[in-house]
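Colleague:
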Amino acid sequence: MSAESCDVVIVGAGVAGMSAAALLAKDFGQSVVVLEQAPFIGGRTFTVVGKGNRVVIDGIEMDAHEFQKALGYARIILGKCTPDIETIFEKGLLDGLTFEGGGHGLFWGDKSRVQCVLNHIGEHIHMPLNKGFGFVKWNGEGRPGSFFQVKKGKPYEWMSPEGYRKTVEQLHAMATLSRDELAGLMNISLQHWLEQRDLHPEAYDYIKVLAASQTVQAEPAMTPAADFLGYMAIAREIGMNLVSGSVATVGGQGPIAIPLKMEEVLRTHGGDVRRNNPVREVLIEGGRVTGVVCEGEGGRRTINADRVVCTIPSRHMFKVLPRQAFPPDWVSRLETEYWGAGIMTGWGVFKRSIWRDVGIEPSSFIFMPGIIREGYIGAVDMVMTEVTAWGDGRAGRGPDGKHDFVFSTALTDREMRDPAKVDRVIETCEAWGRAAFPSWDEDMEFMIWTPAPEGYGFWRPVGTERPDVKSPFLDGLYLAGDQYGRRLWGGGVDGAALSAVLCVDAMMGSRLEEQIFPSYHRGIPEVSARSALHRR
Ligand SMILES: Cc1cc2nc3c(=O)[nH]c(=O)nc-3n(C[C@H](O)[C@H](O)[C@H](O)COP(=O)(O)OP(=O)(O)OC[C@H]3O[C@@H](n4cnc5c(N)ncnc54)[C@H](O)[C@@H]3O)c2cc1C
995 MSAESCDVVI VGAGVAGMSA AALLAKDFGQ SVVVLEQAPF IGGRTFTVVG
1045 KGNRVVIDGI EMDAHEFQKA LGYARIILGK CTPDIETIFE KGLLDGLTFE
1095 GGGHGLFWGD KSRVQCVLNH IGEHIHMPLN KGFGFVKWNG EGRPGSFFQV
1145 KKGKPYEWMS PEGYRKTVEQ LHAMATLSRD ELAGLMNISL QHWLEQRDLH
1195 PEAYDYIKVL AASQTVQAEP AMTPAADFLG YMAIAREIGM NLVSGSVATV
1245 GGQGPIAIPL KMEEVLRTHG GDVRRNNPVR EVLIEGGRVT GVVCEGEGGR
1295 RTINADRVVC TIPSRHMFKV LPRQAFPPDW VSRLETEYWG AGIMTGWGVF
1345 KRSIWRDVGI EPSSFIFMPG IIREGYIGAV DMVMTEVTAW GDGRAGRGPD
1395 GKHDFVFSTA LTDREMRDPA KVDRVIETCE AWGRAAFPSW DEDMEFMIWT
1445 PAPEGYGFWR PVGTERPDVK SPFLDGLYLA GDQYGRRLWG GGVDGAALSA
1495 VLCVDAMMGS RLEEQIFPSY HRGIPEVSAR SALHRR
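Under the working numbering, the sequence shown has 1448 at position 454, and the numbering climbs by one with no breaks.
#1: How many angstroms separate the CA atom of Gln1509 from the CA atom of Arg1460?
#2: Taking DSSP as the reference, what is the three-state secondary structure of His1528?
#3: Excluding sequence positions up to five away, which residues of its chain have a Cβ less than 7 Å from the Cβ of Gly1126?
#4: With a CB to CB cut of under 8 Å and the five nearest residues on each side skipped, what residues in its chain are close to Ala1389?
#5: Taking the beta carbon of Gln1318 as the centre, do at least 16 other beta carbons fall within 10 Å, making it buried, or is it exposed?
#6: Just the C-alpha distance for Lys1464 and Ala1494, rounded to the nearest angstrom, thanks.
#7: For Gly1044, count neighbouring C-beta atoms within 10 Å of its own C-beta (all shown protein chains included) and say buried if the count is 16 or more, exposed if not.
#8: Tell me the start and end of each unbroken alpha helix (DSSP H) in the segment 1317-1354 that is at least 4 residues and wholly inside, in chain order.
#9: Considering only residues of the segment 1157-1198, which uninterrupted beta strand (DSSP E) runs meet the minimum length of 3 residues and lie entirely inside it, listed in chain order?
#10: From the DSSP output, in three-state form, read off Trp1443 for me.
#11: From the DSSP output, which residues share a beta bridge with Thr1403?
#12: Got a sec, what are the start and stop residues for the alpha helix (DSSP H) Met1256 sits in?
#13: Decide if the segment 1062-1081 is in contact with the segment 1215-1225; the criterion is three or more beta carbon pairs, one per stretch, under 8 Å apart.
#14: Near Arg1107, which residues of its chain fall below 7 Å by C-beta distance, leaving aside the five closest residues on each side in sequence?
#15: Is Thr1500 near ligand 1, in the sense that its beta carbon is under 7 Å from a heavy atom of that ligand?
#16: Say whether the segment 1467-1481 touches the segment 1356-1376, bearing in mind that this needs 3 or more beta-carbon pairs closer than 8 Å, one atom from each stretch.
#17: When you compare each of Gly1023, Thr1444, Val1273, Trp1453 to Gly1073 by their alpha carbons, which one comes out closest?
#18: Helix or strand or just coil, what does DSSP make of Cys1288?
#19: Within a Cβ cutoff of 7 Å, which residues of the same chain sit near Val1042, ignoring the five residues on either side of it in sequence?
#20: Assuming Val1377 contacts Val1203 (C-beta within less than 8 Å), just tell me the rounded distance between them.
#21: State the CB to CB distance for the pair Phe1401 and Asp1351, rounded to an integer number of angstroms; the pair is presumed to be in contact (CB under 8 Å).
#22: Going by C-alpha to C-alpha distance, which of Val1302, Glu1084, Gly1128 sits closest to Ile1004?
#23: Taking the runs of the alpha helix (DSSP H) that are 4 residues or longer, which of them lie wholly in the segment 1485-1527?
#24: Any heavy atom of ligand 1 closer than 7 Å to the beta-carbon of Leu1029?
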């Protein structure tokens, strides 16, 4: 086995790994090697762009079979397709269209954390926003429901006056929380926080779907309150809301453009990213990491480094880290108690915009709560939108005349792996589509459902901490990703970006967090979090 050396090895080329890599190389002159097991980088920001009867990801062209296999790298499952996936490919129905695994909705767009990281390394990726906010009141299966375009500052027309008053009260209470108060809310559930405030059922339905759209947690009792409340608390400071636009997409290449830009910066500063290079083992000697063993074209090789950043989602990290190096109860908790926040996407493309027919601006972000209330851990809420219409119709995600329609719902990983539960959601949504839009079948070109059981990574049970970015158990081991960091709040792409910055600061003793992020994007204050914990 040949050996080489570098300052830092990073395991995984998702948003977290690439953010950390670019920062370490550019700001600190560290020699960095990123090892990625997949033939493409990006991890869960897996994005394909249709090209004739194939799709392209990170320069690799794929047919239907290869596409299905590639989804597996982002732990996304190919579900029901209409027509079947081979026909969708053969007919070239994907030509010119962009579709991503993760990152359909990048909260705060050009004001997001990930954009802050890009700006810091001298880059920028335009992130066109939604405009408008719609609501569908579910009136039962086989019915179209009632449609509402939400107007800024106007009462929510689907609610009773009492329900609206209570909802506004809750939203106000959320928007005025300080960062110190958020720190104290890390260890209680969102359900508990809402109940303390005299939860009104209409407010509950609205806030629950809002929370699920941001944290992909379907059940407020399982959601650490601050992970959601953080989004609400910064809304005022950041000056964005759902009505004026606060969720973004990336045109062209889609969100994979983010790690690709970071790779350019890394390479300019002497770093390297190696695709098709799975790490098999993190090497440890005397309680500290000494490097990794990976597998590439030339076979197995060792890379020596006294610092390793592992970005593998927590439940899977012991595939490369020896369990015996950690306290058994910590390992057991990660493997058995942490649960996967799954997200299921239905992506359809239509010949025309069908939302206009029902009085909703197609560029709206649209909520449809509580379509299935029994048999799931939380009620099944749908978030929908026509992404091609974002950025005033110039999102650059498809040829003229194509209108996509994304359904998205949060289920737990366990539910997502139960075909009967998945099928029930799909059937319910498609039946609703047919009832709501008379030209549904006539206008639809295709529909692809993709359950992703671990879309938002693994969440800690309420009251426990996320694994921290610097391992207290092994010298030189760091963890970064959308689920790592005691001070992390939220999740998704922005969570991964914050975690990476916290990780680099922990490693280099720097304060990049303050340089890169405005105060509202920073981690939960540490000291207060501790004292808040003691106060409980
Ligand atoms: C279907 C879906 C929808 C989503 N929607 C949104 C959304 O709308 N908004 C949002 O903000 N977020 C969304 N997300 C979540 C978002 O994509 C993730 O939070 C984010 O991309 C996580 O980045 P990461 O770097 O932490 O982890 P990952 O992207 O998982 O990166 C980890 C990397 O490690 C690699 N790896 C694993 N094992 C090894 C090994 N042994 N050797 C080498 N490499 C290895 C993996 O291949 C991967 O590239 C969604 C995710 C999914 C799946």
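Ideal Cβ positions, reconstructed from N, Cα and C, are used throughout, including at glycine.
Modeller: Quick answer:
#1: 24 Å
#2: Caution applies to His1528, whose pLDDT of 39 falls short of 50 and renders its modelled position unreliable; the value that the coordinates give is listed next. In this structure, His1528 counts as helix in the three-state DSSP scheme.
#3: Gln1143, Val1237, Glu1355, Ser1357, Ser1358
#4: Counting only Cβ-Cβ distances below 8 Å, and skipping sequence neighbours, we find Pro1122, Thr1243, Gly1245, Val1381, Thr1382, Ala1383.
#5: exposed
#6: 11 Å
#7: Buried, because 16 or more other Cβ atoms sit within 10 Å of the Cβ of Gly1044.
#8: 1322-1326
#9: none
#10: Assignment of Trp1443 by DSSP, reduced to helix, strand and coil, places it in the strand class.
#11: Met1338
#12: 1251-1262
#13: Fewer than three Cβ pairs drawn from the segment 1062-1081 and the segment 1215-1225 lie within less than 8 Å of each other, which leaves the two stretches out of contact.
#14: Closer than 7 Å at Cβ, skipping near neighbours: Asp1488, Ala1491, Leu1492, Phe1511, His1515.
#15: Thr is not the amino acid found at residue 1500; the sequence shown has Ala there. The answer is no for Ala1500.
#16: no
#17: It is Thr1444.
#18: strand
#19: Val1049, Val1050, Ile1051, Phe1061, Phe1093
#20: 7 Å
#21: Rounded, the Cβ-Cβ distance is 17 Å, inconsistent with contact.
#22: Val1302
#23: Taking only runs of at least 4 residues, the alpha helix (DSSP H) segments lying wholly in the segment 1485-1527 are 1486-1502, 1506-1510.
#24: Yes, the Cβ of Leu1029 comes within 7 Å of a heavy atom of ligand 1.
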